[in-house]
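Peer 1:
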Amino acid sequence: MSRKHPQNVLLIFTDQHRLSAVGAYGETPCRTPAIDSIAGRGVTFGNAYTTCQVCSPARATIMTGQFPHTHGIYSNVHNLGSCVHEIEDRPELLSRRLESAGYACGYSGKWHLGTDRGTAFGGGNLPSLPKDVGFEGQNFPGHGGGGFHYPEYRQYLADHGYEHRVRDWSEPTRQIRGAGELAGPIESTVPYFLAENTIAMMESFRARNRPFFIWHNFWGPHVPCFATAEFVDLYRGVEVPPWPNYAWPSRQIPGPHQARIHPRHEQLRWADWATMVRYYYAFTSMIDSQIGRILTYMEKTGLLDNTAILFTADHGDTMGSHGGLIDKGWHHFEETNHIPFLLRLPGDRHKGRRIDAFVSLTDVYPTVLDLAGGAWDRGSIHGESLLPLVEGNAENWREDIAMEFGGVVNQVATMRTIRYGHLKYGYNCCCEDELYDLEADPHETRNLLHDPRYRVQADALRQRLADWMERTRDPIRSQYVRQISYWQDIDGYGGWPPC
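In my numbering, the protein residues as written are 688 to 1186.
#1: Under 8 angstroms between the Cβ atoms of His1002 and Phe1020?
#2: Taking DSSP as the reference, what is the three-state secondary structure of Glu1086?
#3: Between which residues of its own chain and Val927 is the CB-CB distance below 7 angstroms, once the five residues before and five after are set aside?
#4: Going by Cα to Cα distance, which pick from Ala916, Tyr984, Thr876 and Tyr922 is closest to Ala887?
#5: For Tyr849, which residues from the same chain have a beta carbon less than 6 angstroms from its beta carbon, with the 5 sequence-adjacent residues on both sides left out?
#6: Between the alpha carbons of Leu881 and Ser1072, how many angstroms are there, rounded?
#7: Name the DSSP bridge partner or partners of Asp702?
#8: In whole angstroms, what is the alpha-carbon distance linking His704 and Thr737?
#9: Does Gln977 come out as helix, strand or coil in the three-state DSSP assignment?
#10: Between Arg718 and the rest of its own chain, which residues show a CB-CB distance below 7 angstroms, the 5 nearest in sequence each way excluded?
#11: Along the chain, which unbroken stretches of the beta strand (DSSP E) at least 3 residues long are found entirely within the stretch 1062-1106?
#12: Compute the Euclidean distance between the alpha carbons of Pro814 and Trp957, then round it to the nearest angstrom.
#13: What is the rounded straight-line gap between the Cα of Val820 and the Cα of Pro911?
#14: Are the Cβ atoms of Asp702 and Phe1028 separated by less than 8 angstroms?
#15: Between which two residues does the alpha helix (DSSP H) harbouring Val919 extend?
#16: So what's Glu858 in DSSP terms, helix, strand or just coil?
#17: By Cβ distance below 8 angstroms, which residues in the same chain neighbour Gln842 in space, the five residues on each side in sequence not counted?
#18: Measuring only the C-alpha atoms, how far is Val1077 from Met750?
#19: Which stretch, first to last residue, makes up the alpha helix (DSSP H) that contains Val877?
#20: Where does the unbroken alpha helix (DSSP H) through Asn1024 begin, and where does it stop?
#21: Helix, strand or coil: how does DSSP classify Gly811 here?
#22: Excluding five sequence neighbours on each side, which residues of the same chain lie with their C-beta closer than 6 angstroms to the C-beta of Thr1054?
#23: So is Ala934 buried or exposed if we call it buried at 16+ other beta carbons inside 10 Å?
#24: Straight-line CA distance for Thr802 to Asp1146?
#25: Alpha carbon to alpha carbon, how far is Tyr1114 from His1137?
#26: My understanding is that His903 touches Thr915, with C-beta atoms under 8 angstroms, so please give their C-beta distance in whole angstroms.
#27: Given a threshold of 16 other Cβ atoms within 10 Å of its Cβ, counted over all protein chains shown, does His1069 qualify as buried or as exposed?
#28: Have a look at the DSSP bridge pairing and note the partners of Arg1133.
#29: Please report the distance separating the alpha-carbon of Tyr634 from that of Ser976.
Encoded structure:
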């Protein structure tokens, strides 16, 4: 498939960005005027979901248009559980297809799809960094841990007389996770450094008269949440109310989420978490300021007139919700699966519009190629271009949305999630499944799996999940079908047989 749209494309990608940290998605203390401006001048997708609530699998989806069980990066690269540890350079990658369409491809920030050393697991994968797969720009191996230690950033600090230094923790509450106030000015921060790179690439592409695709990746608001004083001060004294499901009895309810309960949960109070959330929001606002810098540059140079902008994230963050959960993974909850997703088209077409159809991170790949007039093999990917949906001529748009999880930090799991309407079903290989009614229980505090009123809906969602597995050739389908048939024979409901 292809279209002819001679326009640039900018993909802004944040890391571990929950919806409560985007003003465009509803009332929140978090201030994101630049991100909100993209929403105001474009389309907000109200029901967008990641493919996997882990960094590397979600990022590989951008490059392939596929779910992790197909592209093979099933957990973070160079972690147990991933089948592929260095994304393979091949013509079907997003960057290579854009090259074929005549585009220059630029990269800024976090990569996390390979290293400069190849696989450490004996699989024969060659090293894979952005420049190995067709990008210009930054070329950082691995996760990067916030980007603070790369030689390029250290050289930038030295050239400008800056330092990266985090002040000692002085808050009256416990320090729950990595957070703190930076001693330097905004110009000394990693987000500023990344924005400088993206602006420089835009200048270079303009000078060469090349249409471009730039993938700009922030390390954040993933922890550690470091921000300069001006952004930390934005939230001093600002009330951060407890999450509606903060009091959920996470220790008393069995399930995979047990792996992500804060180890000191019983000693912590909401005041401790509220301070952490303030730093999370401060970091987000600092990132937003650099998105604003990029947008201002584009406005001044006229690039905004001919550039489509997508904004989204790899996944969200629990940040203490659901009874003190940290990070991501090991559950089916909205906090990490439901992601922000915005699209602004040149000329501000469809400005201020909201679309609540189900949208997947798999849709980024075909949407970018559609915007660029590039070609792609519809039969080999799992996403759909969003342009027909935005333009009102999409046929047979998806009725449900699925996600998967295979583990993280060298711990392995098999979990699948499907949402249809206001119902969500979660398959847990190792324990009882889960069913939530997001209309009656939007904060997912009651598992309705054994509620007789939901028996028919549960069966229908199990079948939908099996159908999705078949469509996407999920290798666990045969085992899943055998398990649910066995469980239904035992108790009529599904889920792990009662002990």
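A virtual CB, placed ideally from N, CA and C, is assigned to each residue, including glycine.
Peer 2: For this structure:
#1: For the purposes of this step, residue 1002 is taken as the residue at position 315 of the sequence shown. For the purposes of this step, residue 1020 is taken as the residue at position 333 of the sequence shown. No, these two residues do not count as a Cβ contact at 8 angstroms.
#2: For the purposes of this step, residue 1086 is taken as residue 399 along the sequence shown, with counting starting at 1. In the structure shown, Glu1086 sits in coil (DSSP, three-state: anything other than H, G, I, E or B).
#3: As a working note, residue 927 is residue 240 in the sequence shown. Only Pro716, Ala961, Val964 and Arg965 meet the Cβ criterion.
#4: Position 200 of the sequence shown, counted from the first residue, corresponds to residue 887. Selected option, being the one with the closest Cα: Tyr984.
#5: Numbered from 1 along the sequence shown, position 162 holds the residue referred to as residue 849. Counting only Cβ-Cβ distances below 6 angstroms, and skipping sequence neighbours, we find Gly871 and Ser875.
#6: By one-based count along the sequence shown, residue 881 stands at place 194. By one-based count along the sequence shown, residue 1072 stands at place 385. Approximately 28 angstroms, taken between the alpha carbons.
#7: For this step, residue 702 is matched to residue 15 along the sequence shown. Paired residues: Pro908.
#8: Mapped onto the sequence shown, residue 704 falls at position 17. Mapped onto the sequence shown, residue 737 falls at position 50. Cα-Cα distance, rounded: 11 angstroms.
#9: Along the sequence shown, read from residue 1 onward, the residue named residue 977 stands at position 290. The answer is helix: DSSP assigns Gln977 an H, G or I state.
#10: As a working mapping, residue 718 is identified with position 31 in the sequence shown. Cβ within range, chain order: Gly710, Leu921 and Ser972.
#11: 1087-1095
#12: Start at 1 with the first residue of the sequence shown, and residue 814 comes out as number 127. Start at 1 with the first residue of the sequence shown, and residue 957 comes out as number 270. Cα to Cα, Pro814 sits roughly 44 angstroms from Trp957.
#13: Position 133 of the sequence shown, counted from the first residue, corresponds to residue 820. Position 224 of the sequence shown, counted from the first residue, corresponds to residue 911. Computed Cα separation, rounded: 29 angstroms.
#14: Residue mapping note: residue 702 aligns to position 15 of the sequence shown, counting from 1. Residue mapping note: residue 1028 aligns to position 341 of the sequence shown, counting from 1. No, Cβ-Cβ distance for Asp702 and Phe1028 is not below 8 angstroms.
#15: Translated into the one-based positions of the sequence shown, residue 919 becomes position 232. Per DSSP, Val919 belongs to the alpha helix (DSSP H) from Ala916 to Leu921.
#16: Taking the sequence shown and counting its residues from 1, the one referred to as residue 858 is at position 171. In the structure shown, Glu858 sits in coil (DSSP, three-state: anything other than H, G, I, E or B).
#17: The sequence position of residue 842 within the sequence shown is 155, counting from 1. Contacts found: none.
#18: Numbered from 1 along the sequence shown, position 390 holds the residue referred to as residue 1077. Numbered from 1 along the sequence shown, position 63 holds the residue referred to as residue 750. Their Cα atoms are separated by approximately 22 angstroms.
#19: As a working mapping, residue 877 is identified with position 190 in the sequence shown. Run containing Val877: Val877 to Ala894, per the alpha helix (DSSP H) assignment.
#20: Looking up residue 1024 in the sequence shown gives position 337. Per DSSP, Asn1024 belongs to the alpha helix (DSSP H) from Glu1021 to Asn1024.
#21: By 1-based counting over the sequence shown, the position of residue 811 is 124. For Gly811, the pLDDT reaches just 49, beneath the cut-off of 50, and the residue's location in the model is therefore unreliable, although a value from the coordinates is still provided. Looking at Gly811 - three-state DSSP - the assignment turns out to be coil, as it is neither helix nor strand.
#22: Translated into the one-based positions of the sequence shown, residue 1054 becomes position 367. Ser1072 and Leu1073, listed in sequence order.
#23: Mapped onto the sequence shown, residue 934 falls at position 247. When all chains shown are included, Ala934 counts as exposed.
#24: For the purposes of this step, residue 802 is taken as the residue at position 115 of the sequence shown. For the purposes of this step, residue 1146 is taken as the residue at position 459 of the sequence shown. Cα-Cα distance, rounded: 43 angstroms.
#25: As a first step, residue 1114 must be located in the sequence shown, where it is residue number 427. As a first step, residue 1137 must be located in the sequence shown, where it is residue number 450. Their backbone Cα atoms lie some 14 angstroms apart in a straight line.
#26: Numbered from 1 along the sequence shown, position 216 holds the residue referred to as residue 903. Numbered from 1 along the sequence shown, position 228 holds the residue referred to as residue 915. No, His903 and Thr915 are not in contact; Cβ-Cβ is about 20 angstroms, not under 8 angstroms.
#27: Locating residue 1069 in the sequence shown gives position 382, where the first residue counts as 1. The residue in question, His1069, is buried, as its Cβ has 16 or more Cβ neighbours within 10 Å.
#28: Sequence index remark: in the sequence shown, residue 1133 carries index 446 (1-based). Bridge partners of Arg1133: none, in fact.
#29: As shown, the chain starts at 688 and ends at 1186. That puts residue 634 outside it, with no answer to give.
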